[in-house]
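Enquirer:
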Amino acid sequence: MGRVNLLVFLALLSVSTATRTISKSSSLTRASSDFNHVCNAEKFASYGFEMSLYPFCNKSVPYNVRLRDLVDSMTVEEKTIPGATSFPTVILSAASFNESLWKSLGQAVSTEARAMYSLGMAGLTFWSPNINVVRDPRWGRALETPGEDLFVVGHYAVNYVTGLQEVEGHGNSRDLNSRPLKVPACCKHYAAYDVDNWLGVDRYIVSDRDSIEVLVHGHKWLGDSKEGWIWVVVITIYPNFTMPAVKMGKVRESDIDKASFYLHNVLMRLGFFDGSPAYAALGKDDVCTKQNIELAIDAARQGIHDNKNDNR
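Structure below.
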């Protein structure tokens, strides 16, 4: 029996996850619904894997025996799961006041993100950057932000987002909606609810992780009728109640069309439909590289300031 390549498993699992967006009537969806079942013999047979040949998939033996076989079957490279480069906190790198550095940080992060995506270990949408303007030093998340100066926050956001999103050769296009995306940024927690057509760019607004769920179940702000408050959610974390809400007139199909348009616009610009040849070759060797580690160290150096105030 040959060695097990876990990266292949991870890649196949990520493909299976992606297929969940296909219509429920699709046979591919049914075959891939159990996307977190590594020893699924039926699913992996189509990829040339005979799972019964692998002792670590034998449920009749103890876990320690299965684990020993799994670990012994892997190469050293396969046992070493890559971790992304750890860059300085935003408040520190922002203190460099170096716009080209901010863009370089975004470029490095997005390259590693694409590499991790190719390995099946990450998605492509990023909750970054945090552009909240610090108003009170008692706030515990100030280190995540560029600070209290509006000018600095704005310029940091422009450069970092450009580094994250820009695909080489497409940065000068006047039509922002026609630009492909390296990874999509999410400027949080930007109060954009009253700016639906921001500079003519098609985009979508998301809640802060589980905020809608907290609003509904924790705060109980909108009562107990899920169909009654579905207009807040549309097709996000409570899709099972969307069709009843449509029938009740709480949600219009045009609202769903708008949300779906924005969602698939991002996916299409990411290359989800057409592929992204420029990033297909990125992999483990592009994660936490020596160059990126040096960039992280340089960003820390540039942000450190030692101010001496004599008699002041």
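Residues 2 to 313 (the numbering used here) are what the sequence shown spells out, left to right. The C-beta atom is built at its ideal place from N, Cα and C for all residues, glycine as well.
#1: Does the stretch 94-105 come close enough to the stretch 113-121 that 3 or more CB-CB pairs lie under 8 Å?
#2: Mind checking Ile132: buried by the 16 CB within 10 Å criterion, or exposed?
#3: Within 10 angstroms of its Cβ, does Lys183 collect 16 or more other Cβ (buried), or is it exposed?
#4: Below 8 Å, can you find three or more Cβ-Cβ pairs linking the stretch 303-310 to the stretch 84-99?
#5: Please confirm whether Pro211 and His190 have their CB atoms less than 8 Å apart.
#6: Please state the DSSP three-state secondary structure of Lys309.
#7: How would you call Met165, buried or exposed, if buried means at least 16 neighbouring beta carbons within 10 angstroms?
#8: Rounded to the nearest angstrom, what separates Lys60 and Glu145 at their Cα positions?
#9: With DSSP as the reference, label Lys189 as helix, strand or coil.
#10: Since Asn131 sits in a beta bridge, which residues does DSSP pair it with?
#11: Let's test the definition: count the other Cβ atoms within 10 Å of the Cβ of Gly155 and tell me whether it reaches 16, buried, or not, exposed.
#12: Could you check whether Thr86 and Ala109 sit closer than 8 Å to each other, using their CB atoms as the reference points?
#13: Considering only the beta carbon of each residue, do Leu268 and Phe274 sit closer than 8 Å?
#14: Check for me: the alpha helix (DSSP H) holding Lys251 runs from which residue to which?
#15: Return yes when the Cβ of Cys187 is within less than 8 Å of the Cβ of Met215, no when it is not.
#16: Taking DSSP as the reference, what is the three-state secondary structure of Cys58?
#17: Cα separation between Thr163 and Phe242?
#18: Taking the alpha-carbon positions, what's the Phe50 to Gly84 distance?
#19: With a threshold of 6 Å on Cβ separation, who are the neighbours of Gly107 within its own chain once the five nearest residues in sequence on each side are excluded?
#20: Please classify Glu167 as buried or exposed, where buried requires at least 16 neighbouring CB atoms within 10 angstroms.
#21: Check Thr126 in the structure and name its three-state DSSP category.
#22: What first and last residue would you give for the alpha helix (DSSP H) that runs through Lys221?
#23: Does the separation of the CB atoms of Phe152 and Ala297 fall below 8 Å?
#24: Between Tyr280 and the rest of its own chain, which residues show a CB-CB distance below 6 Å, the 5 nearest in sequence each way excluded?
#25: Taking a contact to mean a Cβ-Cβ separation below 8 Å, would you say Ala300 touches Ser97 in this structure?
#26: Around the Cβ of Ala246, are there at least 16 other Cβ atoms within 10 angstroms (buried) or fewer (exposed)?
#27: Taking the alpha-carbon positions, what's the Arg270 to Ala143 distance?
Expert: Reading off the structure:
#1: no
#2: buried
#3: buried
#4: yes
#5: For the sequence presented, residue 211 should be read as Asp rather than Pro. Contact: no.
#6: coil
#7: The residue asked about is misnamed: residue 165 is Leu in this sequence, not Met. Residue burial annotation: Leu165 is buried, with at least 16 other C-beta atoms found within 10 angstroms of its C-beta.
#8: 45 Å
#9: strand
#10: Beta-bridge pairing links Asn131 to Lys189.
#11: exposed
#12: yes
#13: yes
#14: Here Lys251 belongs to no alpha helix (DSSP H), and DSSP marks it neither H nor E.
#15: With the sequence shown as reference, residue 215 is identified as Val, and Met is not the correct amino acid for it. The Cβ atoms of Val215 and Cys187 do not sit closer than 8 Å to each other.
#16: helix
#17: 37 Å
#18: 28 Å
#19: Tyr161, Gly164 and Leu165
#20: buried
#21: coil
#22: In this chain, Lys221 is not harboured by any alpha helix (DSSP H), its DSSP state being neither H nor E.
#23: No, these two residues do not count as a Cβ contact at 8 Å.
#24: Arg115
#25: yes
#26: buried
#27: 32 Å
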